[in-house]
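*Asks:* For reference, the structure I am asking about is given below.
2 protein chains.
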Amino acid sequence: MKRTTIKDVAEAAGVGVATVSRVLSGGSASPETRERVLAVAAHLDYRPSALGRNLRQQRTGGIGLLLPDLTDPLYGRLAEGVLACARSAGEPVLVGSTGGDPEQESELIGMLLEQSVDKVVAVPSGDADTWGPALRTGMTVVFAGERPDEPTEEPVDDLLLLDGLRGRPRVEGGIPTVLADDRSGVRTAVQYLKGLGHRRIAYLGGPGHARRVSAFREALGPLVDDELVVFAGGSRDAAYAAASGLFQSRPDLTAVLAGGNQLGEAAVLAARELDLRIPRDLSLVMYDDVPWAELCSPPLTVIAQPAQDLGYRAAELVLRAGIRRPRSVLLPTELIVRGSCGPRR
Amino acid sequence: MKRTTIKDVAEAAGVGVATVSRVLSGGSASPETRERVLAVAAHLDYRPSALGRNLRQQRTGGIGLLLPDLTDPLYGRLAEGVLACARSAGEPVLVGSTGGDPEQESELIGMLLEQSVDKVVAVPSGDADTWGPALRTGMTVVFAGERPDEPTEEPVDDLLLLDGLRGRPRVEGGIPTVLADDRSGVRTAVQYLKGLGHRRIAYLGGPGHARRVSAFREALGPLVDDELVVFAGGSRDAAYAAASGLFQSRPDLTAVLAGGNQLGEAAVLAARELDLRIPRDLSLVMYDDVPWAELCSPPLTVIAQPAQDLGYRAAELVLRAGIRRPRSVLLPTELIVRGSCGPRR
DNA sequence: ACCCATGATGGAATCGTTTCCATGAAGCGC
DNA sequence: GCGCTTCATGGAAACGATTCCATCATGGGT
């Protein structure tokens, strides 16, 4: 049950190991030697061991993928994107799910470090401190879908960051990031709701929503009401509690923008529980298009992000790093109007 | 930017590399040496390279995870289970998504082989041929959630297999498998529907549903109508087409069991399109509980599988293999009654 | 006082691959 | 025919860890 090594192939073909290695990695060799080696290798079903190669070359092929939760369809799609890109490049993918916890994230980074994985795509939960060690050892990191919260949230800062997206060094230390254009997505949704006559619009947010919230405030302008911007923790229960609390404390609101699909779920559930009819009593726009949005009755109006592309592009960036200095990318979002929004009652 | 190696630690601590290795892996060493080495290692932020270790030990820690599609919440949960178990064991996880295609599965197995991953949890798409190479090289494989289709589907065979679940060698060559108890899940659902008075009950199935279908036939007994057992390919479109075709060709059916959440989705959509009201015109039971099942209106009655446990147990088995010869496991399913089933109209 | 057991320690081999370098042969121009 | 270049080729080093084995010191028993 021993693995066949390059040495076995070399012996069987009557050549040296160096020659086998060259043939297999495309180096120069005489046609007849090449043919013989190839034949023998195929016959012995030889597969070069990635372990030996990586150890020698001081680089592990393979990319790491860190995200908060594979259960969330958004991240599931993102992961599929990364997997698709990695597969076409023939690279293995190591995944870890952080549960949104910076500490677990940090632990998982440690594991990747131990595995000598030097290319990572991450939906970050932690901040600069969490990612410092990774960067210091020379890991190539690309963030996808999220970006570590900035210490300050002033609009001017955010504008600078957007500017950075067009090529300037990033505030986080130049980590390239693939994001959906939340700003424009939120703006479109808010304007749509405004156009329907809504004035008291709430934002139901989760962790890491600094960008979306600031876009929300900006789009709403003078209409913004701080009481209508609420945050829930990461869990389903917290989301439900937040939604329910919001609807009960402010029965005057007529529209709500849920910042993620779990929050949207919570909003639908809470509304049903409180006998608020959608869209008659309450208009709802949910961030992220998921299959069940169409199954809901009424079907939910959503802001769709190209989740799979997010992952694919991020993986592309991380693989190309070194060849070309990676730049950040902003992908478009789309407002998909279904049936969960109506005119202000 | 060079990695700090065991040699660096050894020099800095004024000892030999062997001593460092021993200290770090719990071998014997004098207290003061141990302390000094530990201090130096911590100070240099030393992490042993998994590459070196694995190469030497001829075994890669780390487990491979192969499943059809991370986008499907069922597999997402299963993956989270595997990840949770792996994390608690400190093992990295390599994932691949096969798209349900045996050829891609085979390719991914090849990649795992190259990476010297010798422990794999898989939701298999291919058959014995696909998995032969993996087994021949001594990989420890555990199947989860699915089992490769048997060449024959005779009930007697199936009974033998169930028997096998209690500990006898399996037909596939003894690969341990962690399954949800589909047989009992389907039976419960069918009896529930029968109890509501339904007689013409359809099964809407997908690839790899041999077990569920045979359980369905068995539970339905003489009521079974071959025209009411339809299969769709893996895609959403195929599922929708199958559901729509079924409803149109047999308007006399009064209940349907959808064999997976994508099929359930398709059924809800098709029913809506054809103006069939659930549950008035049509009762629906869906396999697998997903968050949106509760959001649907009416909320869907489902057969819940412990997807996360499936993954966790499978990972446990694959990690324990060698210590204890792994046995197959059957986990219970549960019928969750919500609002999508009514009495026969 | 001597010898043996015990335990700490470091050197060196090893895992499978890539890659540098030396060797030898062959081809070519003069 | 000689010397040069060019090319195929194989030996050996290197990667970073573990582990076998030899060495050395110490301590206890006789």
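Each protein sequence line maps, in turn, to chains F and C. The opening position of the first sequence corresponds to residue 1 in the UniProt record's numbering, with each subsequent residue numbered one higher. The opening position of the second sequence corresponds to residue 1 in the UniProt record's numbering, with each subsequent residue numbered one higher. All residues carry an ideal CB built from backbone N, CA and C; glycine is no exception.
#1: Check this for me: beta carbons of Leu310(C) and Ala144(C), under 8 Å apart or not?
#2: Would you kindly work out how many angstroms separate the C-alpha atoms of Tyr46(F) and Val190(F), rounded to a whole number?
#3: For Pro92(F), count neighbouring Cβ atoms within 10 angstroms of its own Cβ and tell me buried if that reaches 16, exposed if not.
#4: Assuming the contact rule is C-beta atoms closer than 8 Å, Thr60(C) and Ser116(C) should be a hit. Round their C-beta distance to whole Å, please.
#5: Please report the Cβ distance between Tyr75(F) and Leu67(F), rounded to the nearest whole angstrom; I am assuming they are in contact, meaning their Cβ atoms lie under 8 Å.
#6: Cβ of Met111(F) less than 8 Å from any chain C Cβ?
#7: Counting Cβ pairs closer than 8 Å, one from the stretch 219 to 234 of chain C and one from the stretch 187 to 206 of chain C, do we hit at least three?
#8: Just checking my contact of Val256(C) with Ala267(C) at CB under 8 Å: how many whole Å lie between their CB atoms?
#9: Quick one: list the residues of chain F neighbouring Trp292(C), beta-carbon separation under 7 Å, in chain order.
#10: Taking C-alpha atoms, which residue in Ala232(C), Arg136(C), Ala86(C), Arg87(C) lies nearest to Gly110(C)?
#11: So, is Arg56(C) buried or exposed, given that buried needs 16 or more other C-beta atoms within 10 angstroms?
#12: In angstroms with no decimal places, state the Cα-to-Cα distance between Arg280(F) and Gly138(F).
#13: Taking C-beta to C-beta, are Leu335(C) and Tyr192(C) nearer than 8 Å?
#14: Which first and last residues belong to the beta strand (DSSP E) in which Met111(F) is found?
#15: Have a look at Trp131(C) and Ser106(C) and give me their C-alpha separation to the nearest angstrom.
#16: Quick one: give me the first and last residue of the beta strand (DSSP E) that Lys2(C) is part of.
#17: Please identify the residue among Phe247(F), Gly260(F), Leu263(F) whose C-alpha is closest to the C-alpha of Ala271(F).
#18: How far does the beta strand (DSSP E) with Tyr203(F) in it reach, from first residue to last?
#19: Which runs of the alpha helix (DSSP H) fall wholly inside the UniProt domain "Cyclic nucleotide-binding" (225 to 285) of chain F and span at least 4 residues, in chain order?
#20: Suppose only complete runs of 4+ residues qualify. What are the alpha helix (DSSP H) ranges in the UniProt domain "HTH lacI-type" (4 to 57) of chain C, listed by chain order?
#21: Among the residues of its own chain, which have a CB less than 8 Å from the CB of Ile175(C), if the five just before and after it don't count?
#22: With three or more beta-carbon pairs closer than 8 Å as the criterion, would you say the stretch 295 to 308 of chain F touches the stretch 316 to 325 of chain F?
#23: Have a look at Leu108(C) and Gly96(C) and give me their C-alpha separation to the nearest angstrom.
#24: By the 10 Å Cβ neighbour count, where 16 or more other Cβ atoms means buried, how is Ser249(F) classified, buried or exposed?
#25: Taking just the CA atoms, how far does Ala79(C) sit from Tyr312(C)?
#26: What residue range does the alpha helix (DSSP H) around Ser88(C) cover?
#27: Leaving out the 5 sequence neighbours to the left and right, which residues in its chain are closer than 7 Å to Val15(F) when beta-carbon positions are compared?
#28: To the nearest angstrom, how far is the alpha carbon of Ala20(C) from that of Arg3(C)?
#29: Which of the three DSSP states, helix, strand or coil, is assigned to Asp157(C)?
#30: Against chain C, with Cβ distances strictly below 8 Å, would Gly96(F) count as a contact?
#31: Taking the C-alpha atoms as reference points, what is the distance between Gly206(F) and Ala304(C)?
#32: Does the distance from the CB of Cys341(C) to the CB of Leu295(C) come in under 8 Å?
#33: Buried or exposed: which applies to Pro343(F), given that a residue is buried once 16 or more other Cβ atoms fall within 10 Å of its Cβ?
#34: What residues match up with Gly64(C) in a beta bridge as DSSP calls it?
#35: Applying the criterion that 16 or more other CB atoms from any shown protein chain within 10 Å of the CB defines a buried residue, is Lys7(C) buried or exposed?
#36: Within its chain, find whatever has a CB closer than 6 Å to the CB of Ala242(C); leave out the 5 residues flanking it on each side and keep chain order.
*Replies:* Taking the definition as stated:
#1: Contact flag set, yes.
#2: CA-CA distance, Tyr46(F) to Val190(F), rounds to 59 Å.
#3: It is buried - the Cβ of Pro92(F) has at least 16 other Cβ atoms within 10 Å.
#4: 4 Å
#5: 5 Å
#6: yes
#7: yes
#8: 6 Å
#9: Trp292, Leu295
#10: The candidate whose alpha carbon is nearest that of Gly110(C) is Arg136(C).
#11: Exposed.
#12: 55 Å
#13: yes
#14: Taken as a continuous stretch (DSSP letters only), Met111(F) belongs to no beta strand (DSSP E), being part of the alpha helix (DSSP H) at 102 to 114.
#15: 7 Å
#16: Looking at the DSSP string, Lys2(C) is not in any beta strand (DSSP E), and its letter there is neither H nor E.
#17: Phe247(F)
#18: First-last of the beta strand (DSSP E) with Tyr203(F): 201 to 205.
#19: 236 to 249, 261 to 273
#20: 6 to 13, 17 to 24, 31 to 44, 50 to 57
#21: Trp131, Leu135, Val141, Val142, Phe143
#22: no
#23: 7 Å
#24: exposed
#25: Each residue's Cα considered, the two are about 8 Å apart.
#26: Run containing Ser88(C): 73 to 88, per the alpha helix (DSSP H) assignment.
#27: Thr33, Val37
#28: It should be noted that the sequence gives Val, not Ala, for residue 20(C). Each residue's Cα considered, the two are about 16 Å apart.
#29: Model confidence at Asp157(C) stands at a pLDDT of 39, short of 50, so the residue's coordinates are unreliable; what they give is reported in the following sentence. If DSSP states are grouped into helix, strand and coil, Asp157(C) belongs with the helices.
#30: yes
#31: Separation of Gly206(F) and Ala304(C) (C-alpha to C-alpha, rounded to the nearest whole angstrom) is 28 Å.
#32: no
#33: exposed
#34: Among the bridge pairs identified by DSSP, Gly64(C) is matched with Leu94(C), Val120(C).
#35: exposed
#36: Val230, Ala232
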